Structures are given as structure tokens and as C-alpha cells.
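Enquirer:
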Amino acid sequence: MTGRRALAAIPARYASTRFPGKPVAPILGRPMIAHVIDRALEAGCFAEVVVATDDERIAAAAEHAGARAVMTGAASSGTDRVAQAVRDLEGEVVVNLQGDEPALPPGNLRLITELLLARPDIPMATLALPGSPADLANPNVVKVVCGLDGRALYFSRAAIPYQRNADPGLIRRHVGIYGFQRDALFRFAALPEARLEHAEGLEQLRALAHGIALHVLDVSEASVGVDVPDDIPLAEAALLALASRKERP
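Its first residue numbered 185, the sequence shown is counted upward by one per residue in this note's numbering.
#1: Can you give the Cα-Cα distance for Leu281 and Leu423, rounded to whole angstroms?
#2: May I have the straight-line CA-CA distance separating Val410 from Ala196, to the nearest angstrom?
#3: Helix, strand or coil for Leu398, going by three-state DSSP, please let me know.
#4: Hey, Ala397 and Arg348: beta-carbon distance below 8 Å or not?
#5: Suppose contacts are defined by Cβ-Cβ distances below 8 Å. Is Met216 in contact with Asp284 by that definition?
#6: Work out the CA separation of Thr256 and Ala374 for me, nearest whole Å.
#7: For the beta strand (DSSP E) holding Ile361, just list the boundary residues, first then last.
#8: Cα separation between Ala245 and Ala193?
#9: Kindly indicate which three-state DSSP category Phe339 falls into: helix, strand or coil?
#10: Kindly indicate the opening and closing residues of the beta strand (DSSP E) around Asn322.
#11: If you check the beta carbons only, do Val254 and Leu191 fall under 8 Å apart?
#12: Below 7 Å CB to CB, which residues in the same chain sit around Cys330 once its five sequence neighbours on both sides are set aside?
#13: Ordered along the chain, which non-local residues of its own chain (more than five positions away) have a Cβ less than 6 Å from that of Glu405?
#14: Nearest-angstrom Cα distance between Gly353 and Phe339?
#15: As an exercise, report each continuous alpha helix (DSSP H) stretch of at least 4 residues that is fully enclosed by the region 269-329, in chain order.
#16: Which two residues bound the contiguous alpha helix (DSSP H) that contains Glu232?
#17: How long is the line joining the alpha carbons of Ala321 and Ser407, rounded to whole angstroms?
#18: With H, G and I counted as helix, E and B as strand and the rest as coil, what does DSSP make of Glu188?
#19: Check Arg202 in the structure and name its three-state DSSP category.
#20: Looking only at its chain, what residues have a beta carbon closer than 7 Å to the beta carbon of Glu381, apart from the 5 residues adjacent to it on each side?
#21: Going by Cα to Cα distance, which pick from Ala287, Arg189 and Leu225 is closest to Leu418?
#22: Here's a check: name, in chain order, each residue in its chain whose Cβ is nearer than 8 Å to the Cβ of Leu434, leaving out the five neighbours to either side.
#23: Going by beta carbon distance, what residues of the same chain come within less than 8 Å of Arg188, once the five residues before and after it are set aside?
#24: Would Arg241 and Val208 be called neighbours here (beta carbons separated by less than 8 Å)?
#25: For Arg341, which of Ala249, Glu384 and Ser200 has the nearest alpha-carbon?
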């Protein structure tokens, strides 16, 4: 639909149990948050890139990299922080990017954004990658199963779907990017934590538990998340590979 605008929103907090100050940790000589902003700008589908943060150091780094920094209060999740930040901004679609994935493929951002701009009837969307049998046994890999219409049926750290009759093609790894229609974002943020969400530690289960349809799009390219300082070399390698692909004729 013409005239509809999309915002990229990146929640970023300074305090982290495993990696304090992670958003401003240097990666290839620049703060990590700057690389995430770069990826959003490269996608070319956002009217504005916003960083939702509780720390002036992150805000300064975000503005230097070309984003709008919005200071937020306490938030129980990244999506709740995003809802605070965009409440007074114009945009019919809001895409919540992970602030710790500096090599996020811009094409993945375009895919989810273009769907939500074209389909205002879809309240919420996310992404998934093909998985492997090894992923089923790994609780650090979040799996998703979907209906024939592309809507998520469930997300879990457990082995879903259970492979009584082996079908590796059904194994899908969740990619933690969420896109919302504006009203769906505020509805989500106003809902109480669901018991399933608390049990699995997965905020997307709040949407499913409360009846918000969550559409899943397939992508073929993964990102590299930074959870601890030892992950930085992996992220730097992924960034260099991304830059190399862009330079090819």
C-alpha cells in the first residue's frame, strides 16, 4: 500500500550479565550498534532507523552512526523497549532488529518489511532458516513449526517437531527478528507475560498464547549473534564476508 512507512527499531541496553556494554563493544574498529544501523540503512526499506536505549553512551554511538536515539525507561523485553521508543513516531510498520547481530543480511530485513507493508492484515511476522537434526537436540537453537498458511504453531527450545517419522525438511530454526503492524506492537507490549513465554524464555510465545497470528517467512542466509566477547571474532569474519560479497561485480 502506497504511503505506508516502516521503521527499523533496535533495542539496546548497556547492562548485560554475560557482556556488559555489548552494544558499544568495538567490532572492526566501530561500536557494534553502528554495524547494525549500517545493515538497516543498507536494506533501503525504512523511513527511519531508531535505537531504543537506556544509556547515553549507546545513544551517542547510535546518533553518530546515523540513527535516531530514543531514551527509554525500564523494559521487560526488547520488544517492550521498542514499543516505548516508537510510540510518538510515525510509521505503520515497525521491525525489531537484534542489536547484537552486526552482520545481519539486509535482504532478510527487506523481505519481512515488504510483506508487512503490502499486507496490513498480517499483524506480526518473523523469519526462519532450514534446520538440521543436530539442531533438534540443542536447546540454544529455537525451533518453529508452522501451519500450511505460514503461521507459527509453536516455538520451542525442545525438539519440535518430534521425528517419529523422520522428515528433516520440517526442521526450521527461528531467526529472532520481529515485524509488527503498529497496532499489533502496542497490543503485544500491553499484554501480560504468558506462562508458556515464561517457561521457555521466548517472548514470541506471548503472541501465540494471546491469539496474535505470527507469520513465518523462510530465508536462506543466517546472521552471527554476539552473546559473549569470544563471539566478536566470528562476527568480524561474518562482516568481512558480507563486505566481500558486496564488492563482487
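Each residue gets a CB set at the ideal place from its N, CA and C atoms; glycine is no exception.
Here the structure is a predicted model, which is why all the values come from computation and not from measurement.
Expert: A quick look at the data gives this:
#1: 17 Å
#2: 13 Å
#3: strand
#4: no
#5: yes
#6: 16 Å
#7: Arg356 to Gln365
#8: 15 Å
#9: strand
#10: Careful: Asn322 lies outside any beta strand (DSSP E) and carries neither H nor E.
#11: no
#12: Ala336, Leu337 and Val400
#13: Pro289
#14: 16 Å
#15: 290-302 and 317-320
#16: Where Glu232 is concerned, there is no enclosing alpha helix (DSSP H), although the beta strand (DSSP E) it sits in stretches over Glu232 to Thr237.
#17: 21 Å
#18: The sequence shown places Arg at residue 188, not Glu. Residue state, collapsed to three classes: coil.
#19: coil
#20: Glu387, Leu389, Arg390 and Ala393
#21: Ala287
#22: Because the chain in this structure spans residues 185 to 433, residue 434 falls outside the shown range and cannot be described.
#23: Glu276, Val277, Leu301 and Pro304
#24: yes
#25: Glu384
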